[in-house]
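Peer 1: Below you will find the structure I want to go over with you.
Protein chains in written order, with my numbering: chain A, 3 to 356; chain B, 836 to 1246.
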């Protein structure tokens, strides 16, 4: 099933082509597009828990934040004393040379990828035994707690926040930084997509679905559900951590509660986007995240000061009219797009019963 | 199959359409100079964001109605594009990017709070866009070597240093015992550094050093400790919410301290909201209407206070005054540069030396205003009507500091 069908090939090809040329066509929208890619990654990884496994996690933001802090700290710490960099009111200004910047970033991203899954494994072992609302509330607490904890660690700037190393000056023109970061995000998105698409063709997905549908039954059938749950969370943590590392570099300023462990926004958005697109599908999170981001960037500023009311309306509309998400809606209206054949005669026959 | 292909094409073209919106704006359109600002209209800084916006707007109206900005013999008017940063640094950075890249803004005004300014500064710096900010006081903003950042206000570490000096003076020159509680954010942590410096200088001892969470609305734990150890000074800083929470709980728990030093008393309209409960609170302020600075647009502080109150229905806190001053600085720089070139405007800004109703303005090498001292005022009540009265420095003092604060049993 790993091979693409012809139709999928067309879609993926067209999208990839669009994403490859987009930064050069929409020059001024590069970083906004890069953010969209990040949101897609977050939604896709959240879908592993929320959609496939039926565990509504509000804690994935923790991996995002940890990745962000790790990436920046490593990038700085590799060449300069981190404590002096982040010291509030620190008088020193350190400058990364281009090769220091890129080597540091590579190392930082490596850490941002490796550490969050380890944390996910350790915490997951403790809390993935919880189910339903208990799990949701517990992860919500973890998300909030990690922000407060980070706000107390002086080494990473505590409540002051820390600045990520600026892109080396004199390297290319004004657009270079944007292009560099955009393509890093694109690479991560392609990697995430490819991996998750492959994952969804394996038995692993079936097990996750079994856990969602009836965990006790799955266990009774001899599936060691805990192992699968933890593995799933670790996969999410891996990609979330990387996404966090990239966002930290893009934003340039890392603050514990608003940028890194931003459960109130990013943490909720990833759930919202997945539900908007249709959870438990491969394409749902992608469609949801794109639609959400475009809606947000296009119309947000029109409702100066009222945007969250508008968002509330959007959520209500989604819940009422698209309870299964956009994908679910499409599937119901156009089942033939999903390769589902409906026997018209049979359907009519059923209707004429009464 | 064909349907699907077509719908994807539609999707992509819709995307393209949406993204091509509003790109072609320029920094100077006709006779208008467009400035960009992301301010907090929602979220935890919404009150102060509103003050900032009103301050900007009042100055824009005033400058435009008094002949505008004269560049190259032609008169231009100011216009500001506002976005709501939702009191969120990530959002603020994105919006700065958007203002510069998509709206074509070439000159920026600052947001409210040090944290948000810290998030925006790397973006303006990267794009070489001059930003005059009026509400980011954190010292760490001025040590990063930013070349395009200019702040009309005094750095945060100076906020409460004077209060500690004053406490020591009242203690007969002997060191004092300080209890302090600061919110976990860029600004308050810098105020804390200033207090630490002052404590070190005077040999004073810090006996309580608490951190308060963001969005704070409870500090009872700190106050319970204060009640137990009886320090000479209690220092609290946590923006408007912090000031309101502190007064509410101090009066509820009847905490007696000889001196209570805070920030943001006027922004939170403390004297009005809590009345006599807030009496004797000592507050750091960037500006007070009774100071004797003058300019030709707003006259002096008293007149600014009157005009602002007429326009917006409340007395201007210093956050509004400094925001208005930012536009006066921009106007002055444009006229001296006599050009719209960002580099030239930036150089003119760096050479700013002027007096506004808000105070003298001259930028140090890091972009901070080095020409204006902080003032301290104390909330004083007369027959139920409470007011902020300047008590330090002595040059502007309108009344003697009341010290120590009488205990609750006698109030």
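For each residue, glycine too, the CB sits at the ideal point set by N, CA and C.
So which residues of chain A does residue 1053 of chain B contact, with C-beta pairs closer than 9 Å?
Peer 2: As a first step, residue 1053 of chain B is located in the second chain; it is residue number 218 there, counting from the start. Correct list: empty, because the minimum Cβ distance to chain A is about 14 Å.
Peer 1: Bridge partners for residue 1188 of chain B per DSSP, in chain order?
Peer 2: As a first step, residue 1188 of chain B is located in the second chain; it is residue number 353 there, counting from the start. Residue 1188 of chain B is bridged to B:1197.
Peer 1: May I ask you to report which of helix, strand or coil DSSP gives residue 324 of chain A?
Peer 2: Numbered from 1 along the first chain, position 322 holds the residue referred to as residue 324 of chain A. In this structure, residue 324 of chain A counts as coil in the three-state DSSP scheme.
Peer 1: To the nearest angstrom, how far is it from the Cα of residue 857 of chain B to the Cα of residue 933 of chain B?
Peer 2: Within the second chain, numbered from 1, the residue matching residue 857 of chain B stands at position 22. Within the second chain, numbered from 1, the residue matching residue 933 of chain B stands at position 98. Note that residue 857 of chain B scores 43 on pLDDT, short of 50, meaning its location in the model is unreliable; the coordinates nonetheless yield the value given after this. Between residue 857 of chain B and residue 933 of chain B, the C-alpha separation is close to 11 Å.
Peer 1: Starting from residue 911 of chain B, trace the beta strand (DSSP E) both ways and give me its first and last residue.
Peer 2: Reading the second chain from its first residue, position 76 is the one you call residue 911 of chain B. Counting along the chain, the beta strand (DSSP E) containing residue 911 of chain B begins and ends at 909–919.
Peer 1: Please report how far the alpha carbon of residue 859 of chain B lies from the alpha carbon of residue 941 of chain B, in whole angstroms.
Peer 2: Locating residue 859 of chain B in the second chain gives position 24, counting from the first residue. Locating residue 941 of chain B in the second chain gives position 106, counting from the first residue. Its pLDDT being 41, under 50, residue 859 of chain B is placed unreliably by the model, and the measurement read from it follows with that caveat. Going by the C-alpha atoms only, they are around 13 Å apart.
Peer 1: So, does the CB of residue 970 of chain B fall closer than 9 Å to a CB anywhere in chain A?
Peer 2: Residue numbering aside, residue 970 of chain B sits at position 135 when the second chain is read from its first letter. For residue 970 of chain B, the answer is no, since every Cβ of chain A falls outside 9 Å of its Cβ.
Peer 1: Thinking C-alpha only, which one of A:338, A:64 and A:258 is nearest residue 165 of chain A?
Peer 2: Translated into the one-based positions of the first chain, residue 165 of chain A becomes position 163. Answer by Cα proximity: A:258.
Peer 1: Could you give the distance in angstroms between the alpha-carbon of residue 1018 of chain B and the alpha-carbon of residue 1054 of chain B?
Peer 2: Against the second chain, residue 1018 of chain B aligns to sequence position 183. Against the second chain, residue 1054 of chain B aligns to sequence position 219. Their backbone Cα atoms lie some 10 Å apart in a straight line.
Peer 1: Can you give, in chain order, each stretch of the beta strand (DSSP E) that sits fully within the stretch 1105–1138 of chain B and has at least 3 residues?
Peer 2: Taking only runs of at least 3 residues, the beta strand (DSSP E) segments lying wholly in the stretch 1105–1138 of chain B are 1117–1120.
Peer 1: Can you tell me where the beta strand (DSSP E) holding residue 1217 of chain B begins and where it ends?
Peer 2: Counting from 1 along the second chain, the entry for residue 1217 of chain B is found at position 382. Residues 1210–1217.
Peer 1: Please list the residues of the stretch 260–279 of chain A that have a C-beta atom closer than 7 Å to any C-beta atom in chain B, keeping them in chain order.
Peer 2: From the stretch 260–279 of chain A, only 260, 261, 264 and 267 have a Cβ closer than 7 Å to chain B.
Peer 1: Can you say whether residue 135 of chain A is buried or exposed, counting buried as having 16 or more other CB atoms within 10 angstroms of its CB?
Peer 2: Indexing the first chain from 1 puts residue 135 of chain A at position 133. By the neighbour-count rule (16 or more Cβ atoms within 10 Å), residue 135 of chain A is not buried but exposed.
Peer 1: From what residue to what residue does the alpha helix (DSSP H) around residue 1013 of chain B run?
Peer 2: Indexing the second chain from 1 puts residue 1013 of chain B at position 178. Unbroken run through residue 1013 of chain B is the beta strand (DSSP E), 1012–1018; no alpha helix (DSSP H).
Peer 1: So what does DSSP say about residue 871 of chain B, is it helix, strand or coil?
Peer 2: Taking the second chain and counting its residues from 1, the one referred to as residue 871 of chain B is at position 36. Strand at residue 871 of chain B.
Peer 1: Relative to the C-alpha of residue 37 of chain A, which residue among A:140, A:185, A:87 and A:100 is closest?
Peer 2: Residue numbering aside, residue 37 of chain A sits at position 35 when the first chain is read from its first letter. Residue A:185 is the option with its Cα nearest to residue 37 of chain A.
Peer 1: If you draw a straight line from the alpha carbon of residue 1244 of chain B to that of residue 1093 of chain B, how long is it in whole angstroms?
Peer 2: As a working note, residue 1244 of chain B is residue 409 in the second chain. As a working note, residue 1093 of chain B is residue 258 in the second chain. Those two C-alpha atoms are separated by around 14 Å.
Peer 1: Which bits of chain A does residue 891 of chain B rub up against, with CB to CB less than 8 Å?
Peer 2: By one-based count along the second chain, residue 891 of chain B stands at place 56. What residue 891 of chain B touches in chain A: nothing, since even the nearest Cβ is about 14 Å away.
Peer 1: From the DSSP output, which residues share a beta bridge with residue 164 of chain A?
Peer 2: Stepping through the first chain from its first residue, residue 164 of chain A is reached at position 162. DSSP, once it has assigned bridges, lists A:256 as partnering residue 164 of chain A.
Peer 1: Please find out if some non-hydrogen atom of the ligand NAD comes closer than 8 Å to the beta-carbon of residue 127 of chain A.
Peer 2: With respect to the ligand NAD, the structure offers nothing, as it holds no ligand at all.
Peer 1: Would you call the stretch 1097–1114 of chain B and the stretch 1001–1010 of chain B touching, i.e. three or more CB-CB distances under 8 Å?
Peer 2: Flag = no, the stretch 1097–1114 of chain B and the stretch 1001–1010 of chain B do not touch.
Peer 1: Look at the alpha carbon of residue 310 of chain A and the alpha carbon of residue 270 of chain A, and state the distance between them as a whole number of angstroms.
Peer 2: Taking the first residue of the first chain as 1, we reach residue 310 of chain A at position 308. Taking the first residue of the first chain as 1, we reach residue 270 of chain A at position 268. Residue 310 of chain A and residue 270 of chain A: Cα-Cα distance of roughly 13 Å.
Peer 1: Closest to residue 1021 of chain B by C-alpha separation, out of B:1035, B:1072 and B:1159, would be which residue?
Peer 2: Start at 1 with the first residue of the second chain, and residue 1021 of chain B comes out as number 186. Of the listed residues, the one whose Cα sits closest to residue 1021 of chain B is B:1072.
Peer 1: Is there contact between the stretch 981–995 of chain B and the stretch 1214–1234 of chain B, where contact requires at least three CB pairs shorter than 8 Å?
Peer 2: Short answer: they don't touch.
Peer 1: Is the number of C-beta pairs between the stretch 874–890 of chain B and the stretch 295–310 of chain A that are closer than 8 Å three or more?
Peer 2: Result yes; three or more Cβ-Cβ pairs closer than 8 Å.
Peer 1: Could you pull out every residue in the same chain whose Cβ sits closer than 6 Å to the Cβ of residue 996 of chain B, ignoring the five residues on either side in sequence?
Peer 2: Against the second chain, residue 996 of chain B aligns to sequence position 161. The answer, listed in chain order, is 1029 and 1033.
Peer 1: How close, in whole Å, do the beta carbons of residue 303 of chain A and residue 918 of chain B come, if the pair is a contact with beta carbons under 8 Å?
Peer 2: Taking the first residue of the first chain as 1, we reach residue 303 of chain A at position 301. Taking the first residue of the second chain as 1, we reach residue 918 of chain B at position 83. The Cβ separation is near 6 Å, so the contact holds.
Peer 1: Indicate the three-state DSSP secondary structure (helix, strand or coil) for residue 1072 of chain B in the structure shown.
Peer 2: Taking the first residue of the second chain as 1, we reach residue 1072 of chain B at position 237. Residue 1072 of chain B: strand per DSSP, three-state reduction.
Peer 1: Taking the beta strand (DSSP E) that residue 216 of chain A falls in, what are its first and last residues?
Peer 2: Translated into positions along the first chain, residue 216 of chain A becomes position 214. No beta strand (DSSP E) holds residue 216 of chain A; the alpha helix (DSSP H) holding it covers 205–222.
Peer 1: Is it buried or exposed, residue 1193 of chain B, if we count other Cβ atoms within 10 angstroms and call 16 or more buried?
Peer 2: Mapped onto the second chain, residue 1193 of chain B falls at position 358. Classification for residue 1193 of chain B: buried.
Peer 1: For the stretch 1160–1175 of chain B against the stretch 895–903 of chain B, are there 3 or more C-beta pairs whose distance is under 8 Å?
Peer 2: The stretch 1160–1175 of chain B, when compared against the stretch 895–903 of chain B, does touch it at the 8 Å Cβ threshold.
Peer 1: When you compare only the Cα positions, how much space is there between residue 103 of chain A and residue 180 of chain A?
Peer 2: Position 101 of the first chain, counted from the first residue, corresponds to residue 103 of chain A. Position 178 of the first chain, counted from the first residue, corresponds to residue 180 of chain A. Cα to Cα, residue 103 of chain A sits roughly 15 Å from residue 180 of chain A.
Peer 1: Within 10 angstroms of its Cβ, does residue 220 of chain A collect 16 or more other Cβ (buried), or is it exposed?
Peer 2: Looking up residue 220 of chain A in the first chain gives position 218. Classification of residue 220 of chain A: buried, given that the 10 Å Cβ count is 16 or more.
Peer 1: Secondary structure at residue 1175 of chain B, three-state DSSP: helix, strand or coil?
Peer 2: As a working note, residue 1175 of chain B is residue 340 in the second chain. Three-state DSSP puts residue 1175 of chain B in coil, outside helix and strand.
Peer 1: Check whether the Cβ atoms of residue 945 of chain B and residue 935 of chain B lie closer than 9 Å to each other.
Peer 2: As a position in the second chain, residue 945 of chain B is number 110, starting the count at 1. As a position in the second chain, residue 935 of chain B is number 100, starting the count at 1. No; because the gap between Cβ atoms is not below 9 Å, this pair is not in contact.
Peer 1: Beta-carbon within less than 8 Å of residue 1242 of chain B's beta-carbon, same chain only, minus the 5 sequence neighbours each way: which residues are those?
Peer 2: Counted from its first residue, the second chain places residue 1242 of chain B at position 407. Counting only Cβ-Cβ distances below 8 Å, and skipping sequence neighbours, we find 1091.
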